[in-house]
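The structure appears below as structure tokens.
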Amino acid sequence: MKYDPQAIEAKWQKHWTECGTFRTREDSDKQGYYCLEMFPYPSGNIHMGHVRNYSIGDVVARFKRMQGLNVLHPMGWDAFGLPAENAAIKNNTHPAKWTYANIDAMRAQLQRLGYSYDWEREVATCDPEYYRWEQLFFLRFLEKGLMYRKKAAQNWCPECNTVLANEQVIDGLCWRCDSKVEQKELTQWFARITDYADELLADLDTLQDGWPERVLSMQRNWIGKSIGAEIQFPLEGPDGKALDERITVFTTRQDTVFGASFMSLAPEHPLMERLIAGKEQEAAVRAFAEKTRNMDSTLRGSDAMEKEGVFTGAYCLNPFTGKRIPIWAANFVVADYGTGAVMGVPSHDARDFDFAAKYDLPVVMVIKPEGMDAIPAKMDAVSLEPGVMVNSGEFDGLSNEEGKIRIVEWLEKNGYGKRTVNWRLRDWNISRQRYWGAPIPVIYCDTCGMVPEKEENLPVRLPLDIKTRADGRSPLPDAPEFYECVCPQCGGKGRRETDTMDTFVESSWYFLRYADARNDKEPFAKAPVKKWLPANQYIGGVEHAILHLLYSRFFVKALRDCGFVDLDEPFANLLTQGMVLMDGAKMSKSKGNTVDPTEMIARYGADTVRLFCLFAAPPERDFDWTESGIEGSFRFINRVWRLAEELLGKVPAMRAASSTAADAATATARELRLKEHATIKKASADIAQKFQFNTAIAAVMELVNAMYLAKDELLADEGGQRVLASAFASTLTLLSPVIPHLCEELWQLSGMTSELVDEAWPAYRDDALVRDQVTVVVQVNGKLRGKIDVAADATREAIEKEALAEANVVKHLEGLTVRKVVVIPGKLVNVVAS
RNA sequence: GCGAGAGUGGCGGAAUUGGUAGACGCACCAGACUUAGGAUCUGGCGGCAUAGCCUUGGGGGUUCGAGUCCCCCCUCUCGCACCA
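According to this note's numbering, the first sequence holds residues 126 to 959 in order.
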């Protein structure tokens, strides 16, 4: 009988659906296990990246199930977002229609792969039954001050016609369409993620064991905590005395403050106008500021940009010494980091050193490196070494680390500054000027100002009977049927907010909704969330290392503080799977190097596609899709199929349980039985400890190879047949999470009345792993010279004696004196001789 | 510059954590079966001057023994960055 994956897979998929095999039981007394994969954007077609992601997840889910856990394995759709709108415009349809059709198509594709999802918990974020809860969260966040509106320069993508969060601007370009991002002054809604900066950073330590170091480090970088001080430099008045007005700088090197020889301000600094007004430098500074402003933002942030500055004509005073310090406008000072002002210490900062050299500013050493005798009169290079404070008045002689603390104490005592922490993280702009998103539930009223929508009026529905605009701009501001409303406060005429929420808001909590997906009274009840979260395993691409994974962590903490959950972190363990490449490059439509999973399934079946995705490389690494590679996986599956056919015809004992030592009477039978148990041991460890599916599969391949070699001999007697049957049953069990359809079919053909999905994961028997003879390798001075077979329980002395007698060993010892013999029983002997 | 990860056959990748380097698969070669083989089965397959020698990016070191541990260097990938 030919292996017919299409028929087999259809049969079992139908069976699983009809029996509700993968429906998660809330009433089970088994321990729960939440296996979560990043939900897809419903583009209409799954790609190989999805197949890889979800195949990994499915093996984990099925494996944990077989280990006796009650598994929650849900799937849903990240269904709002721009592509739907763009596609709708292009194809003259509606985003909702397009999206729901895509969801249907992709659901069918995922089902065709045989994934063990509980489809009854499916969520689509564009469903009002989903986003109504998000609007509720928004209102509660608003109440708590975690959402707020502010006017500021924002990242604006002219192509997408919307603002972008900082996290969505990559090298000055839009993350989605690669257009150059512009700055635009707008009033926008922000989530106060910076309130959680400290906790988001600190809690990364609790994820140390479960998350990849790479992701932790990326998040640390992004949050960007730096500890230092704010120092206030009074401006110099016309009489040379200090004014009340001060320039505040942020520095991490307050210990070098005595070496400050210039002050540099961002050209956009708010004090700038005042400083230059009426001075002879005024025109020059203006021109410089203009030039800097017009500079390409990507160029301004690059190494290539020349560091330039212009003297403003104004001075400030060092609060420690009263020394005059010239104030410069400098193009390298970033207006929105720190305070937009930097004290220039050329002696101990590389950039300041270059700047001082260029404009001939003084360079004074204030930190003398350890081991240096005299303070050099002139510094010809920057010094970044730790050391002892010099030229620093009362602080002379302190180590610079001690100095940091003492300087801060002085600042705080004298009112010239304080210890401070500066963050790179900025609040999350969640407003989007697009149509296909969740409406922000607030109303603007001429009398009352901004008024939150009443909770009982949720959801604020996104109107579906509305035509999208050809230019991509949101139709909502032109849709009175949407924005015209009654002010919830005064009953007067109100106007709804027409911005929608960033789709990353939806994906920041979908994993909570899965725990209680059909609840229509509240976003989720507390009990199921407590039961299932944090998710035991989260699996997805590393491209979300910052965006989605940081937002979700923030969201959970904010929900916790609003009383919705009792949870600090959403994902206990994270696996970031590698990309699927083709000819060394990421598969992409523009490069034309894609492989369509649907086509591969039609040709080989889902099991083969799953097998190849898992076997080709360890999950976290990228792998190259190759035609011959998937052929190899198909060949292996056929090999298992043929082996089954052969055994089914000849082995009456296929139904037998695990073979016994008595069955394994011959050497070949003993070897195969040992191999069976060794394979169980290795495959279990590879999957359980490291999700190394590739080596687990390789081990089973070895077992199959061994069965091929042994079968003719073992088929001869009943004991041998039982050993074969047992090994084959183990093969099916071990492979079932990877290629479930084939295994289930062969299990049934073997006469089993149970189903493999309900079988327990096999356990190996220690006694089956015991050998009476073992091979020990013999080295002479670390070089392999021979092998000996000895009894497994042979003494060290016996092994040593045997080793020294081995012919090739004897030859290599000729003329040498044995100095030492290292014996590792069961492994090797190393004869040290000279 | 800072941070993280990685460098092993023609290729994807293994190596029980200091103990036979190259499991398993791909590609390739040979044999068997066959009317046929792009099917299947069996075997071979790092390199070389082949009783042996060399070999895990390069160079040192520790050790009876190093892909694995330590030091120095090189290359690549990713993230952050005139960040004060």
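For every residue, glycine included, the Cβ atom is placed at its ideal position computed from N, Cα and C.
Determine the burial state of THR331: buried for a count of at least 16 other Cβ atoms within 10 Å of its Cβ, exposed for fewer. exposed
In the DSSP assignment, find the unbroken beta strand (DSSP E) run with GLY969 in it and report its ends. Given a span of 126 to 959 for the chain in the structure shown, any question on residue 969 remains unanswerable.
Under 8 Å between C-beta atoms of LEU921 and VAL948: One point to set straight first is that residue 921 is Arg, not Leu, in the sequence displayed. Yes, these two residues count as a Cβ contact at 8 Å.
Reducing DSSP to helix, strand and coil, say where SER677 ends up. Helix, per DSSP.
Over the uninterrupted alpha helix (DSSP H) stretch that includes GLU796, give me the two end residues. Start and end: 792-815.
Can you tell me which of the three DSSP states CYS282 falls into? strand
At which residues does the beta strand (DSSP E) containing LEU197 begin and terminate? 195-197
Is the segment 734-753 touching the segment 794-808, taking contact as three or more C-beta pairs under 8 Å? The answer is no - the segment 794-808 does not touch the segment 734-753, with fewer than three Cβ pairs under 8 Å.
With distances taken Cα to Cα, identify the nearest neighbour of LEU881 among GLU151, THR820, PHE188, HIS175. PHE188
For GLY528, which residues of its own chain have a beta-carbon under 7 Å away from its beta-carbon, when the five flanking residues on both sides are left out? ASP380, MET514, PHE520
Taking the beta carbon of GLU752 as the centre, do at least 16 other beta carbons fall within 10 Å, making it buried, or is it exposed? exposed
Segment contact flag, the segment 193-200 with the segment 244-257, C-beta cutoff 8 Å, min 3 pairs: yes
Quick one: residues in its chain with C-beta nearer than 8 Å to the C-beta of ILE726, no 5 flanking neighbours on either side, listed in chain order? ARG237, LEU238, VAL734
So, using beta-carbon positions, are GLU931 and VAL903 closer together than 8 Å? In this structure, VAL903 lies closer than 8 Å to GLU931 by Cβ.
Starting from the Cα of ALA125, find the closest Cα among ASP229, SER508, VAL489, GLN293 and give me that residue. Residue 125 falls outside the range modelled here, since the chain spans only 126 to 959, and no answer is possible.
Can you tell me whether MET126 is buried or exposed? The criterion is at least 16 other CB atoms within 10 Å of its CB, across all chains shown. exposed
So which of HIS394, PHE629, LYS493, PRO471 has the shortest CA-CA distance to ALA454? Distances from the alpha-carbon of ALA454 to those of HIS394, PHE629, LYS493, PRO471 put HIS394 closest.
Any chance you could list the alpha helix (DSSP H) runs of at least 4 consecutive residues sitting entirely within the segment 578-654, in chain order? 605-608, 628-631, 635-638
Just the Cα atoms here: how many angstroms apart are GLY438 and TYR273? Distance between the alpha carbons of GLY438 and TYR273: 40 Å.
Same chain only: Cβ atoms within 7 Å of LEU550, ignoring 5 sequence neighbours per side: ILE318, THR319, ALA322, TRP347, ILE348, GLY349
Where ARG274 sits in the DSSP three-state scheme: strand
Looking only at C-alpha atoms, which of THR804, LYS800, GLY717, ILE822 sits nearest to SER758? ILE822
Report the partner residues of ALA354 according to the DSSP bridge assignment. THR376, ARG544
Candidates THR149, CYS610, TYR676, PHE457: closest to TYR635 by CA position: TYR676
First through last residue of the alpha helix (DSSP H) which encompasses ASN217: First-last for ASN217: undefined, no H or E at that position.
How should TYR833 be labelled, buried or exposed, when 16 other C-beta atoms within 10 angstroms of its C-beta is the threshold for buried? exposed
State the Cα-Cα distance for the pair HIS175 and TYR240, rounded to the nearest angstrom. Taking the CA atoms as reference points, HIS175 sits about 12 Å from TYR240.
Locate the alpha helix (DSSP H) running through ILE348, then write down its first and last residues. According to the DSSP assignment, ILE348 belongs to the alpha helix (DSSP H) that extends over 338-348.
Quick check on this structure: which residue in ASP624, SER633, THR791 has the alpha carbon closest to the alpha carbon of PHE262? SER633
Considering only the alpha carbon of each residue, which of LEU773, GLY574, ALA226 lies closest to MET877? Closest by alpha carbon: LEU773.
Keeping to the same chain, check which residues put their C-beta closer than 7 Å to that of TRP141; ignore five residues upstream and five downstream. Once the five neighbours on either side are set aside, the close Cβ partners of TRP141 are PHE147.
Beta-carbon proximity of SER386 to PRO494, cut-off 8 Å: no
The beta strand (DSSP E) that contains TYR158, what's its start and end? 157-162
Would you give the residue range spanned by the beta strand (DSSP E) that TYR663 belongs to? 662-666
If distances are taken between C-alpha atoms only, which option among ASP897, ASN516, PRO777 comes closest to ALA850? PRO777
Can you name, in chain order, every residue of its own chain whose Cβ lies under 6 Å from the Cβ of GLU355, other than the five neighbours on each side? THR373, PHE375, GLY542, LYS543, THR545
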